[in-house]
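The numbering of the sequence shown is our numbering, which starts it at 1 and goes up by one.
Think of the CB as a built atom: it goes at the ideal place given N, C-alpha and C, for glycine as much as any other residue.
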Amino acid sequence: MSDLSDSLAGGASSEAPDPAAIREEMLSIYPDKTKKKRAKQLLVNDNPEKPAEIGANTRTIPGIMTQRGCTYAGCRGVVIGPMHDVLHITHGPVGCSFYSWQTRRNLARPQPGQINYLQYSMTTDMLEEEIIFGGEKKLAAAIREAYAIFKPKAIAVYATCPVGLIGDDIHSVCRQAKADLGINVFGFSCEGYKGVSQSAGHHIANNGVFKHMVGLNDVPDEGEFRINVLGEYNIGGDAWEIDTLLRKCGIHVTATLSGDISYEQVIKCHTADLNVVQCHRSINYMAEMMETKYGIPWFKVNFIGATSTAKSLRKIAQFFDSKKLTDRVEEVIAQEMAAIRPVIEEVKARCTGKTAALFVGGSRAHHYQDLFKDIGMTTIAAGYEFAHRDDYEGRDVLPKIKVDADSRNIEELHVDKDPARFRPRKTPEQNAALAAGGFNYRDYEGMVRDMKKGALIIDDISQHEMEKLIKLYKPDVICSGIKEKFSIEKSGVPCKQLHSYDIGGPYAAFTGAANFYKEIDRMVNTKVWQLVSPPWKRETQVPSRFSCNPKAARAAVEETKTWKAPNRQTEEAEA
Ligand code: CFM
Numbered sequence: 001m002s003d004l005s006d007s008l009a010g011g012a013s014s015e016a017p018d019p020a021a022i023r024e025e026m027l028s029i030y031p032d033k034t035k036k037k038r039a040k041q042l043l044v045n046d047n048p049e050k051p052a053e054i055g056a057n058t059r060t061i062p063g064i065m066t067q068r069g070c071t072y073a074g075c076r077g078v079v080i081g082p083m084h085d086v087l088h089i090t091h092g093p094v095g096c097s098f099y100s101w102q103t104r105r106n107l108a109r110p111q112p113g114q115i116n117y118l119q120y121s122m123t124t125d126m127l128e129e130e131i132i133f134g135g136e137k138k139l140a141a142a143i144r145e146a147y148a149i150f151k152p153k154a155i156a157v158y159a160t161c162p163v164g165l166i167g168d169d170i171h172s173v174c175r176q177a178k179a180d181l182g183i184n185v186f187g188f189s190c191e192g193y194k195g196v197s198q199s200a201g202h203h204i205a206n207n208g209v210f211k212h213m214v215g216l217n218d219v220p221d222e223g224e225f226r227i228n229v230l231g232e233y234n235i236g237g238d239a240w241e242i243d244t245l246l247r248k249c250g251i252h253v254t255a256t257l258s259g260d261i262s263y264e265q266v267i268k269c270h271t272a273d274l275n276v277v278q279c280h281r282s283i284n285y286m287a288e289m290m291e292t293k294y295g296i297p298w299f300k301v302n303f304i305g306a307t308s309t310a311k312s313l314r315k316i317a318q319f320f321d322s323k324k325l326t327d328r329v330e331e332v333i334a335q336e337m338a339a340i341r342p343v344i345e346e347v348k349a350r351c352t353g354k355t356a357a358l359f360v361g362g363s364r365a366h367h368y369q370d371l372f373k374d375i376g377m378t379t380i381a382a383g384y385e386f387a388h389r390d391d392y393e394g395r396d397v398l399p400k401i402k403v404d405a406d407s408r409n410i411e412e413l414h415v416d417k418d419p420a421r422f423r424p425r426k427t428p429e430q431n432a433a434l435a436a437g438g439f440n441y442r443d444y445e446g447m448v449r450d451m452k453k454g455a456l457i458i459d460d461i462s463q464h465e466m467e468k469l470i471k472l473y474k475p476d477v478i479c480s481g482i483k484e485k486f487s488i489e490k491s492g493v494p495c496k497q498l499h500s501y502d503i504g505g506p507y508a509a510f511t512g513a514a515n516f517y518k519e520i521d522r523m524v525n526t527k528v529w530q531l532v533s534p535p536w537k538r539e540t541q542v543p544s545r546f547s548c549n550p551k552a553a554r555a556a557v558e559e560t561k562t563w564k565a566p567n568r569q570t571e572e573a574e575a
């Protein structure tokens, strides 16, 4: 597939949709103020090499149906939640804890003797009384009770919205409990409203893990080539695939932050010699802080897709500069590629020319494009829910990102070199030699550079824009989340959930990639979707043009008065 137009029109470029016109149509429904804001978040990729500035990490306009989650979700659910023997207590009404209970498929397989607390949902269950008179006593009692039953090594406490509103001081309760119980107890002020999305929760979580856990045990693991994999959460078993692959190459993983990880692994992760970063969005803060304090360098990898996995392994080998490791890595890549090549060829024959659109989180909308590329599919539109400009445009824009009131709300830790434990992993000469060989640290070029000219880039996509996208582009598959899945499928397009993977996975490393290719092949080549008639193809519809524009809203209300329910039987008979 040489360019986007070919792929969109199945070779007949004259029929290719015009992305600029589609963008205009998506925006046309909005009132002026909303349109102005959405226009900055909805771009056509006119020049992939020089990405345009995108309006990312800003507040969602009230009334727009968005995919986003809250700060509590990003902290408790995403970054720290997968630590399976840390006991997690949600301080808040029962719903926050209940609805974050095992909804993310961050799997864990604890060692014998370790308890998997991820199976439990622990909460202080704040009621009206605590909202009025304060919940600190109830929190202190909950920590004592949890300790008495489970005797964990560490307890983490998470604040929900009402805790911030009434001003409970969870940190002093935690400090007191730590002194009384003699275990590590710490809190996170990750109230849901703290930021514009779950991204704020990632930052708060990184700060807390760095302050309260990293660096508590200086005894390194045995094994050569010790690394941490940062930003890998073991959804559907991905971290296990990556770990197995790295082990085959002779690379030792001290800690995967945070996928199937124990407290003991977190507290000694500063003893590793390299951090490789899978999800830049959720954990770049940790990578930076560990480099400043302990001297551990980091770079970005991607273990999603066969080609990118091979590239990532080679970069790790290049960093360690050992012939033994390089030879072993090449041997493993050759074996894995030999095994996966027939799968790629078979699937590619059926998938080449098909199109995908991805709207997920803060990194997968980019990473999974590599899997589609491997099997000849083109990504015609993509966007993140909550990523920042650097995830779209590359880290070189970092100095230009304006810090607004919402970002200022999140603490930036001041980190210094640890006088005793800072240890540069490479000499200046070694770094110079690496640089001469084209090696980059701290690099992330972002999603836009990897996308075709003419693709649509949509930040924090709305339900309305998604519907337009389906109607005008009819992609062969959309990767998204549970909130959009069924409305997408009702429009006749298969939806692969890329947060939880539905019931599928793993998709990481070579073996995982093969799973993904086969699943996408099944999804885009089944005939079942042709039987679905999307809402806009039916004659009568529920009017859905409610708007902030009073005139349009009045017209829509008038329309409801004359609306009649569609007669499905007649429609089906006619079809
Ligand atoms: Fe990173 Fe994630 Fe993602 Fe993320 Fe997430 Fe997730 Fe995600 Mo759902 S940490 S940014 S906050 S890769 S839970 S494992 S799938 S939105 S794209």
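query	result
Less than 6 Å between C-beta atoms, sequence neighbours within five positions excluded: which residues of the same chain meet that for residue 329?	249, 313, 317
Is the beta carbon of residue 84 sitting closer than 8 Å to the one on residue 260?	yes
Residue 20 and residue 44 - do their beta-carbons sit closer together than 8 Å?	yes
For residue 11, does the three-state DSSP call read helix, strand or coil?	Residue confidence is low: residue 11 scores 35 on pLDDT, short of 50, so the model does not pin down where it sits. No coordinate-derived value is stated.
Quick one: which unbroken alpha helix (DSSP H) runs of 4-plus residues sit fully inside the stretch 378-433? Chain order, please.	389-393, 405-408
Would you tell me roughly how many angstroms separate the C-alpha atoms of residue 5 and residue 516, rounded to the nearest one?	Annotation note: pLDDT 35 at residue 5 (below 50); position unreliable, coordinate value reported separately. Using only the alpha carbons, I get a separation of about 25 Å.
Flag this pair as yes or no: are the beta carbons of residue 370 and residue 41 separated by less than 8 Å?	no
Under 8 Å Cβ to Cβ from residue 513, same chain only, skipping five residues before and after it: list those, please.	304, 305, 306, 309, 340, 371, 374, 507
Pull the bridge partners of residue 508 from the DSSP assignment, please.	304
When the distance is taken between beta carbons, is residue 91 closer than 8 Å to residue 170?	yes
Please give me, in chain order, every unbroken run of the alpha helix (DSSP H) with length at least 4 that falls completely inside the stretch 217-286.	238-249, 263-267
At what residue ranges does the stretch 61-137 contain a whole run of the beta strand (DSSP E), taking only runs of 3 or more?	86-91
Give the secondary structure of residue 164 by DSSP, where H, G and I count as helix, E and B as strand, and everything else as coil.	helix
To the nearest angstrom, report how far apart residue 225 and residue 326 are at their CA atoms.	12 Å
Taking 7 Å as the cut-off, does the CB of residue 482 come closer than this to any heavy atom belonging to ligand 1?	no
Using a Cβ-based criterion (distance less than 7 Å to any ligand heavy atom), does residue 68 qualify as near ligand 1?	no
First and last residue of the alpha helix (DSSP H) that includes residue 209?	199-212
With which residues is residue 497 paired in a DSSP beta bridge?	480
Sorry if obvious, but does the Cβ on residue 189 come closer than 7 Å to a heavy atom of ligand 1?	no
What do you get for residue 391, buried or exposed, if any count of 16 or more other CB atoms within 10 angstroms of its CB means buried?	buried
Is the beta carbon of residue 395 sitting closer than 8 Å to the one on residue 321?	no
Rounded to whole angstroms, what's the CA-CA distance from residue 456 to residue 37? Just pull it up for me.	16 Å
Pick helix, strand or coil for residue 576, following the three-state DSSP scheme.	Residue 576 lies beyond the residue range present for the chain, which begins at 1 and ends at 575; the question has no answer from this structure.
Indicate whether residue 78 and residue 203 have their beta-carbon atoms separated by less than 8 Å.	no
Which one or two residues does DSSP pair with residue 298 in a beta bridge?	275
By how many angstroms is the C-alpha of residue 255 removed from the C-alpha of residue 527?	44 Å
DSSP state of residue 333, grouped into three classes?	helix
From the DSSP secondary-structure annotation, give me the bridge partner or partners of residue 469.	For residue 469, which the question treats as bridged, DSSP gives no partner whatsoever.
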